[in-house]
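Each residue of the sequence shown is one higher than the last, beginning at 1 in full-length UniProt numbering.
Just so it is clear, CB atoms sit at the ideal spot from N, CA and C, and this is done for glycine as well.
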Amino acid sequence: MEYEGRSGQSSSSISPKKNVRRNLDFEPLSTTALILENRPANLPAKPEEEAQKHRQEYEEMVAQAKKRELKEAQKRKKQLEDRCKHEESIGNAALTWSQEILPNWQSMCSSRRVRDLWWQGLPPSVRGKVWSLAIGNELNITDELYNICLARAKEKWNAFVAPTAAAETENEDAGLSHADREASLELIKLDISRTFPSLCIFQQGGPYHDVLHSILGAYTCYRPDVGYVQGMSFIAAVLILNMDTADAFIAFANLLNKPCQMAFYRVDHSLMLTYFAAFEVFFEENLPKLFAHFKNNSLSSDIYLIDWIFTLYSKSLPLDIACRVWDVFCRDGEEFLFRTALGILRLYEDILTHMDFIHIAQFLTRLPDDISADEIFSSITTINMNSKNKKWAQVLQALQKGQDRGSPLLKH
């Protein structure tokens, strides 16, 4: 063999390590290998000056690596300390809510101290209870009524004849094209699979699938005039994660009975336009530059607001941040939904002002995953919900009166 002739040895006696080093195609694991390795034997040795330079470069690289490691360690330490402080804060807040505030709800819920605690976010252990109290039960729904509605829903569900694959596909297409009230139970089945898919708890076989299906089915029997509308599954799912089933249904029905939610879920176009018009009043006053940019790009507020309002941000924001939005929404009412929208727009104003129609719409319908709760709530605090000494409710009422008189909604 050629190799054997040169070396006088069989190739099998050559060390595997030497084979690797003699392979000219070998790629070193890092640049340090280039610095520390001596030159091959068939090349002249490094000059002392070059060797010294390489040693210095190596030492600098090691020092920089140690500096990075120290910085990362300090960062991890701070994150751990912050997490411990946050957990301690949540624990203390949970005690305050459970031992002081909840037992004295009527007298304390509107106090400045409680409102400040509320803004900071409700502890998960009391969140469901506080939401239930804040939403209320004006409809006087009882556990018994829920069970009656659920029984009716099950009867209707059992009445459906199992369709063939072709018929099932046809029903699915029809469900997506128009919200046929009589097919609400079928629409629920289709929509549950799209509810928080990353959690894998509401889909078929998941631990909360049947609970979500039951609440949505019961609601269609409780309010057949409304039926099931896409987006409801997200609201019900958030409630299920924080409450018992019957309490979740009671909160769900009462929540959807609020004026804003009912306007959207019953697709009351005139009232929806009034809400959009009121939003744009505050949009223009808080963010005039971005407002003008949206107008120049013919981007109307309904393009992004509909999805945000229909799901109360539970589809658009990370779940933990959405729950914090819900916390203050339960405290402040519908106004906070639109204040949150303006907070999001302010947070990303610099980015949005450099986008065209298509990119703005895509961005706002799919917000960044790394959005920070602290950043968004800091942005929300800068939003002023007073327009010419008129609060949200007054502006909305004035626009409704103007609509009744036939005046254009978007002029103010």
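Under the three-pair Cβ rule at 8 Å, the segment 224-233 does not count as touching the segment 338-346. The Cβ atoms of ASN254 and GLU138 lie closer than 9 Å to each other. By the Cβ test, the segment 215-223 is in contact with the segment 149-156, since at least three Cβ pairs between them sit closer than 8 Å.
As the crow flies, the alpha-carbon of PRO103 is around 15 Å from that of SER125.
Looking from the CA of ASN158, the closest CA among GLU186, GLY136, LEU133 belongs to GLU186. Here GLU375 has LEU347 as same chain residues with Cβ atoms under 7 Å from its own Cβ, once five neighbours each way along the sequence are excluded. Going by DSSP, GLU155 is part of the alpha helix (DSSP H) stretching over 143-159.
Judged by DSSP secondary structure, ARG324 falls within the alpha helix (DSSP H) whose first and last residues are 319-332. Here DSSP, grouped into helix, strand and coil, assigns ASN386 to strand.
For the 9 Å CB-CB criterion, VAL238 and ALA322 form a contact. Straight-line spacing of the CA atoms in LEU305 and TRP118 works out to 25 Å. Secondary structure note for PRO124: its alpha helix (DSSP H) is the uninterrupted segment 124-135. In this structure, DSSP gives LYS46 a state outside helix and strand, which the three-state scheme calls coil. Of the residues assessed, PRO123 falls on the buried side of the cut-off, its CB having 16 or more other CB atoms within 10 angstroms. Linking MET385 to ARG339 through their CA atoms gives a straight-line distance of about 7 Å. Membership of ARG339 in the alpha helix (DSSP H) is indicated by the continuous run 335-347. For LYS258, the three-state secondary structure derived from DSSP is coil. At a Cβ-Cβ threshold of 9 Å, ASP302 and MET272 count as neighbours.
Burial check for PHE279: the Cβ neighbour count within 10 Å reaches 16 or more, so the residue is buried. Note: LYS391 is bridge-paired with ASN386 in the DSSP secondary-structure output. The residue among ASP116, MET243, VAL114, HIS213 with its C-alpha nearest the C-alpha of ILE188 is HIS213. Short of 7 Å from the beta carbon of THR311, and not among the five residues preceding or following it, lie these beta carbons of its own chain, in chain order: GLY231, PHE234, ILE235. By the neighbour-count definition (other C-beta atoms within 10 Å, threshold 16), SER132 is a buried residue. Uninterrupted alpha helix (DSSP H) stretches at least 4 residues long and entirely within the segment 77-119 occur at 105-108, 112-119, given in chain order. The three-state secondary structure of GLN203, taken from DSSP, is coil. Excluding the 5 residues flanking it on each side, MET355 has same chain C-beta neighbours closer than 7 Å at PHE363, in chain order. Around the CB of ILE192, 16 or more other CB atoms lie within 10 Å, so the residue is classed as buried.
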